[in-house]
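Residue numbers (our numbering): 693 to 938.
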């Protein structure tokens, strides 16, 4: 079990925000968990990530945690066949590793991608978080990835000089995490997701990365099909719950 303050969410939301991770290795009792939660500063939001079927789930629900969504973690071993070439007429992939100056432009040019991603987020699904704040979180997340070095690699897909796709990656110990990924729904017939993934794999293999992971909501059927079609295997299935302390 791990309970930690989320400084990023705290700053954007304007209230103390925490993440509670519970897994099968958790040895403590739920009473101990609950005592720890009641010591946090209020007002606060606690996001709990817990495996499907864990014995703590009924207790969390009894104590006022609300089910916000579900998520599946996928993983794939990278090899020479991972970054298969994908063609899509007119789509250009720009990368933060290209050494070009000011290639990503202004944050406002990503407004459609930011809104698209925010609408499927756990923040958007929480009735106690405003839709404005939900969007602001992703705007700040995009900005930090693009301009503040939060992401280790950023890929942007452009079509007719419009930003129509985005992927950011975090890399550690030869493993890469797809942090953010989104495609403008108006351009989803151009294989943009496949292009971003193919470029990402090729770049990561060049860095010596041998494994890539990504998380998506279980109810997002399209995303799950996409990752399974591209060789990813399901690793974890978790519930996402929120509780607001006041």
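No residue lacks a Cβ here, since even glycine has one placed at the ideal position from N, Cα and C.
Check your understanding: Could you give the C-beta distance for residue 805 and residue 855, rounded to a whole number, given that I count them as a contact under 8 Å?
Key -> Reading the chain shown from its first residue, position 113 is the one you call residue 805. Reading the chain shown from its first residue, position 163 is the one you call residue 855. Sure, about 6 Å apart at Cβ, within 8 Å.
Practice item. Report all residues from its chain with a CB closer than 6 Å to the CB of residue 712; omit the five preceding and five following residues, and keep chain order. Key: Translated into the one-based positions of the chain shown, residue 712 becomes position 20. Hits under 6 Å: 695, 738 and 740.
**Study point:** the segment 832-843 / the segment 865-880 touching (three or more Cβ pairs under 8 Å)
**Key:** yes
Point to revise | Same chain only: Cβ atoms within 7 Å of residue 749, ignoring 5 sequence neighbours per side | key: As a working mapping, residue 749 is identified with position 57 in the chain shown. Around residue 749: 742 and 931.
Review point. Can you tell me the Cα-Cα spacing of residue 710 and residue 697, whole angstroms?
Key: One-based indexing of the chain shown puts residue 710 at position 18. One-based indexing of the chain shown puts residue 697 at position 5. Cα to Cα, the separation comes out at about 4 Å.
Check your understanding: Would you call the segment 893-901 and the segment 716-736 touching, i.e. three or more CB-CB distances under 8 Å?
Key -> no
Review point. With a CB to CB cut of under 6 Å and the five nearest residues on each side skipped, what residues in its chain are close to residue 905?
Key: By 1-based counting over the chain shown, the position of residue 905 is 213. Contacts found: 767 and 869.
Check your understanding: Does DSSP put residue 858 in a helix, in a strand, or in coil?
Key -> Reading the chain shown from its first residue, position 166 is the one you call residue 858. Strand, per DSSP.
Practice item. Would you check if the distance between the CB atom of residue 927 and the CB atom of residue 765 is smaller than 8 Å? Key: Position 235 of the chain shown, counted from the first residue, corresponds to residue 927. Position 73 of the chain shown, counted from the first residue, corresponds to residue 765. Contact flag set, yes.
Exercise for review: Measure from the alpha carbon of residue 847 to the alpha carbon of each residue in 878, 889, 782 and 914, then state which is nearest.
Suggested key: Walking along the chain shown from the start, residue 847 turns up at place 155. Ranking the options by Cα distance to residue 847, first place goes to 889.
Point to revise | Pick from 735, 901 and 786 that is closest to residue 865, judged by C-alpha positions | key: As a working note, residue 865 is residue 173 in the chain shown. Nearest of 735, 901 and 786 to residue 865, Cα basis: 901.
Review point. Taking Cβ to Cβ, would you say residue 903 is nearer than 8 Å to residue 770?
Key: Taking the first residue of the chain shown as 1, we reach residue 903 at position 211. Taking the first residue of the chain shown as 1, we reach residue 770 at position 78. In this structure, residue 770 lies closer than 8 Å to residue 903 by Cβ.
Review point. Counting along the chain, where does the beta strand (DSSP E) carrying residue 870 start and finish?
Key: Taking the first residue of the chain shown as position 1, residue 870 is located at position 178. Residue 870 -> beta strand (DSSP E) spans 867-875.
Review point. For the candidate residues 799, 923 and 861, whose alpha-carbon lies nearest to that of residue 789?
Key: Within the chain shown, numbered from 1, the residue matching residue 789 stands at position 97. Here the closest residue by C-alpha is 861.
Point to revise | Segments of 3+ residues assigned as beta strand (DSSP E) that fall wholly inside the segment 702-780 | key: 708-713, 736-743 and 758-769
Exercise for review: Taking only the alpha-carbon atoms, compute the straight-line gap between residue 829 and residue 907 and give it to the nearest angstrom.
Suggested key: Reading the chain shown from its first residue, position 137 is the one you call residue 829. Reading the chain shown from its first residue, position 215 is the one you call residue 907. Computed Cα separation, rounded: 18 Å.
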